[in-house]
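Everything in the sequence shown is counted per our numbering, starting at 45 for the first residue and increasing by one.
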Amino acid sequence: MTRISITSPYFTGPLLWVLCGAPSSIQLPVSRLLGHLGPFVFAPRAIFAVKLLFGLGILRKANNWLNRVATNGWRVRDDKARWDWSKEVAVVTGGCSGIGEIVVKGLVARGVRVVILDVQPLPERLENNNISYFHCDISKSEAVLKAAEEVKSLVGNPSILVNNAGIGSGSTILETTPEHLHKIFGINLLSFWFTCAAFLPHMVQENKGHIVTVASLASFVAAPNRVDYTSTKAGALAFHEGNYRYSLVENHVSPFLKASHWNFSTTITHQTSIRPSVIQA
């Protein structure tokens, strides 16, 4: 059953009409029905409060709609009809724990066959007929290409790629070692190039795919003791905007393919908690 909140325009809109625009044949019975509350409800302050709630409700509806459009690659058109979840294959990097694990569970719940690329062993809680695990250090291009060949051979070509794997740190610029820099940039950023090089060509060929980048609010704000981490996340944002939005559309799609027929989506999410919204995309 759908619940309507006090800020819902479906509630405040008709109420505002009754208070301000309805004919007296409607206002008078409503006033009598309310009894001693009638004068208060029709008071200017009460009407102002209803107008405020109505405005907030409209803003909330607009925000929710914009969020859905943004999640759908800034396209109003819904392409759900193109997706048969039982036939889709999704690759999730770092899917054995954290945000990646939640994404994996959400996809499996929809019937998607999920491939996890991770260096962590597959936990028992993720043992499922729809989950395939491949041990892979995604910071190494050779390892990603090898795993990709196995995935395509044993599971199939993926139509969904979730670049989720990432590590953090708590050191300053002077405390960060070169070895750690290579590791964190390899996992948090360079791996995007490696996974896209391995799985993107088939998506473009089929004119069907969805690539998700799990970033962070650190993409926008750099903490003094996490410059290495925030640099990788800022790079993730740049990679998403630059490569996905320009290179894919401008360079990898036939010039004869109309935009309305372009069925490739990209999504970036800047998580503020461990409960991602990307599954709702």
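Glycine is no exception: its CB is placed at the ideal position from the N, C-alpha and C atoms.
>> If you measure between the beta carbons of residue 195 and residue 159, is that distance less than 7 Å?
In response: Against the sequence shown, residue 195 aligns to sequence position 151. Against the sequence shown, residue 159 aligns to sequence position 115. Yes, these two residues count as a Cβ contact at 7 Å.
> From the DSSP output, which residues share a beta bridge with residue 246?
Replying inline: Reading the sequence shown from its first residue, position 202 is the one you call residue 246. DSSP lists no partner for residue 246.
> Which one of 134, 168, 175, 163 has the shortest CA to CA distance from residue 247?
Replying inline: The sequence position of residue 247 within the sequence shown is 203, counting from 1. Residue 134 is the option with its Cα nearest to residue 247.
> Which residue comes first and which comes last in the alpha helix (DSSP H) that contains residue 253?
Replying inline: Taking the sequence shown and counting its residues from 1, one reaches residue 253 at position 209. Taken as a continuous stretch (DSSP letters only), residue 253 belongs to no alpha helix (DSSP H), being part of the beta strand (DSSP E) at 253-260.
> Ends of the alpha helix (DSSP H) at residue 157?
Replying inline: As a position in the sequence shown, residue 157 is number 113, starting the count at 1. That residue, residue 157, is in no alpha helix (DSSP H); its beta strand (DSSP E) goes 157-162.
> What is the DSSP secondary structure of residue 51, reduced to helix, strand or coil?
Replying inline: Against the sequence shown, residue 51 aligns to sequence position 7. Note: residue 51 maps to coil in three-state DSSP.
> CB residue 144 to CB residue 136, shorter than 7 Å?
Replying inline: Within the sequence shown, residue 144 is the residue found at index 100, counting from 1. Within the sequence shown, residue 136 is the residue found at index 92, counting from 1. Taking 7 Å as the Cβ cut-off, residue 144 and residue 136 qualify as a contacting pair.
>> For residue 284, tell me which candidate among 268, 260, 273, 270 has the shortest Cα-Cα distance.
In response: Position 240 of the sequence shown, counting from 1, holds the residue named residue 284. When only C-alpha atoms are compared, the closest one is 260.
>> What would DSSP say about residue 87, mapped onto helix, strand or coil?
In response: Translated into positions along the sequence shown, residue 87 becomes position 43. Residue 87: coil per DSSP, three-state reduction.
>> Restricting to runs no shorter than 4 residues, where is the alpha helix (DSSP H) found entirely within the stretch 136-203?
In response: 142-153, 185-198
> Would the stretch 224-241 and the stretch 306-315 be scored as touching if the rule is three or more Cβ pairs under 8 Å?
Replying inline: no
> Got a sec? Which residues, its chain only, sit under 7 Å from residue 303 by beta carbon, not counting five neighbours each side?
Replying inline: For the purposes of this step, residue 303 is taken as the residue at position 259 of the sequence shown. Here the model assigns residue 303 a pLDDT of 48, short of 50, so the residue's position is not dependable and the matter cannot be decided.
>> Would the stretch 210-224 count as touching the stretch 167-177 if we require 3 or more Cβ pairs under 8 Å?
In response: no
> So residue 308 is in the beta strand (DSSP E); what residue range does that whole segment cover?
Replying inline: If you number the sequence shown from 1, residue 308 lands on position 264. Element bounds for residue 308: 308-315.
> Quick one, are the C-beta atoms of residue 207 and residue 257 less than 7 Å apart?
Replying inline: Within the sequence shown, residue 207 is the residue found at index 163, counting from 1. Within the sequence shown, residue 257 is the residue found at index 213, counting from 1. Yes, they are a contact pair.
> From this set, 210, 110, 314, which residue's C-alpha is nearest residue 227's C-alpha?
Replying inline: Taking the first residue of the sequence shown as 1, we reach residue 227 at position 183. Taking only the C-alpha atoms, the option nearest residue 227 is 210.
> Where does residue 63 sit, in a helix, a strand or coil, going by DSSP?
Replying inline: By 1-based counting over the sequence shown, the position of residue 63 is 19. Looking at residue 63 - three-state DSSP - the assignment turns out to be helix.
> Closest by CA to residue 88, which one among 69, 60, 110, 112?
Replying inline: The sequence position of residue 88 within the sequence shown is 44, counting from 1. Minimum Cα distance to residue 88 is reached at 60.
>> Can you list, in chain order, the residues of its chain with a C-beta nearer than 7 Å to that of residue 199? Leave out the 5 residues immediately preceding and following it.
In response: As a working mapping, residue 199 is identified with position 155 in the sequence shown. If we look at residue 199 and ignore the five residues flanking it on each side, its Cβ neighbours are 133, 157, 159, 176.
> If you draw a straight line from the alpha carbon of residue 111 to that of residue 250, how long is it in whole angstroms?
Replying inline: Mapped onto the sequence shown, residue 111 falls at position 67. Mapped onto the sequence shown, residue 250 falls at position 206. Each residue's alpha carbon lies about 27 Å from the other.
> Can you pull the DSSP bridge partners for residue 207?
Replying inline: Sequence index remark: in the sequence shown, residue 207 carries index 163 (1-based). 257.
>> Check this for me: beta carbons of residue 161 and residue 178, under 7 Å apart or not?
In response: Indexing the sequence shown from 1 puts residue 161 at position 117. Indexing the sequence shown from 1 puts residue 178 at position 134. Going by C-beta atoms, residue 161 is nearer than 7 Å to residue 178.
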